[in-house]
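Shown next, in C-alpha cells, is the structure this report addresses.
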Amino acid sequence: DTEVTQTPKHLVMGMTNKKSLKCEQHMGHRAMYWYKQKAKKPPELMFVYSYEKLSINESVPSRFSPECPNSSLLNLHLHALQPEDSALYLCASSQVGREEKLFFGSGTQLSVL
Amino acid sequence: AQSVSQHNHHVILSEAASLELGCNYSYGGTVNLFWYVQYPGQHLQLLLKYFSGDPLVKGIKGFEAEFIKSKFSFNLRKPSVQWSDTAEYFCAVKSSWGKLQFGAGTQVVVTP
C-alpha cells in the first residue's frame, strides 16, 4: 500500500463551523505533512509531524489545529475559518529525514463560505 | 533566502513537440532538486530528482532534467510530448538544512 488517503475529498463550510480533515497512510512513514495549495500556486508547507510530534509549524493561524493521534493518522481541525482559507489541503508522508521522497494524498478541496 | 523560480506559467504545444521547462533556484550550497507533476484531478507525483552524480537525470514517462550548477538551473525536458502530458509541473528545491520549496508551477497543455 503506497497510498496516502485523505477524507473528505470536498468540504464546504461556513465561517462558524468546526470541521476536521483526515489523512491516513500505512507505509510506516513517521513524518507527515500538511500543505495548502491555492489555485495556480505551489503547495505551501503548513505543519510537519515527526514521530507524532509537531516539528515544524510555519506560523499558521490558530484557526488551523493539527493533530497526530498515531503514526498512521494525521488530522487538521478547522474552526472559524475565513473565505481566503479556501484551498486544496494536501497531506503527505515520508520516512523521517527523507522529505525528498514525499507521497502526497489527493487532497481535500475546501470552500469556506 | 532560498527561492525557486519557474520561467513560464503556461505552455501550450502540440503532440510530438518538444518540451522544455525552466527552473532556477537561488541557493549557493548543496541542494536536492526535484520535478513534481500534478495531472488534472490527481495528487502531486515525483517525476524525477537529482541529488548528486550525473547531472542529466532520467525520470518517468520519458522526462529528463539537467542540473547546471553554474547556472543554478534544473530544466525539465521531454523530446516528444503526448496529450497525456497535460498537467501542472512544479520544480522544487531542498537545501541540506531547509524545507522543500516549490516553484510557482507551469501549466502545460498539449493539444492533439
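Line by line, the protein sequences give chains X and R. Basically my numbering = 1-based index in the first sequence + 144. Basically my numbering = 1-based index in the second sequence + 1. Think of the CB as a built atom: it goes at the ideal place given N, C-alpha and C, for glycine as much as any other residue.
- With contacts defined by Cβ atoms closer than 9 Å, X/N219 and X/C167 form a contacting pair.
- A direct Cα-to-Cα measurement between X/E147 and X/F248 gives close to 8 Å.
- With respect to the C-alpha of X/P205, the residue from X/P186, X/P187, X/E228 having the closest C-alpha is X/E228.
- Closer than 9 Å at the C-beta level to chain R, one finds these residues of the segment 242 to 257 of chain X: E243, E244, K245, L246, F247, F248, G249, S250, G251.
- Taken through DSSP and simplified to helix, strand or coil, R/P41 comes out as coil.
- Closer than 9 Å to the CB of X/L234 there is at least one CB belonging to chain R.
- A distance below 9 Å separates the beta carbons of R/G104 and R/S6.
- In this model, R/S81 and R/S19 are separated by some 5 Å (Cα to Cα).
- With 16 or more other Cβ atoms from the protein chains shown falling within 10 Å of its own Cβ, R/K79 counts as buried.
- When C-alpha distances from R/V110 are compared across R/P41, R/N33, R/L34, the shortest belongs to R/P41.
- Excluding its 5 nearest sequence neighbours in each direction, R/P113 has C-beta neighbours in its own chain below 7 Å: E16, W84, listed in chain order.
- Judged by DSSP secondary structure, R/R78 falls within the beta strand (DSSP E) whose first and last residues are 74 to 79.
- Taking the Cβ atoms as the reference, R/N33 lies roughly 7 Å from R/K50, within the contact range of under 8 Å.
- Assignment of beta-bridge partners to R/S4 by DSSP yields R/S27.
- In the DSSP annotation of this structure, the continuous segment of the beta strand (DSSP E) that includes X/Q253 starts and ends at 252 to 256.
- If you ignore the 5 residues before and after R/L57, its C-beta comes within less than 6 Å of the C-beta of E67, all in its own chain and listed in chain order.
- With a cut-off of 8 Å on Cβ pairs, the segment 231 to 247 of chain X is not in contact with the segment 62 to 76 of chain R, counting fewer than three such pairs.
- The beta-carbon separation of R/F52 and R/A93, rounded to 13 Å, does not stay under the 8 Å limit for a contact.
- Contact with chain R is absent for X/V156, since none of that chain's Cβ atoms lies less than 9 Å from the residue's Cβ.
- Excluding its 5 nearest sequence neighbours in each direction, R/N9 has C-beta neighbours in its own chain below 8 Å: L22, G23, T107, listed in chain order.
- Secondary structure of X/P227 (DSSP, three-state): helix.
- Going by C-alpha positions, X/Q253 is about 16 Å away from X/M159.
- Taking a C-beta cut-off of 7 Å against chain X, none of the residues of the segment 76 to 90 of chain R qualify.
- The CB of X/L189 comes closer than 8 Å to the CB of K100, L101 in chain R, given here in chain order.
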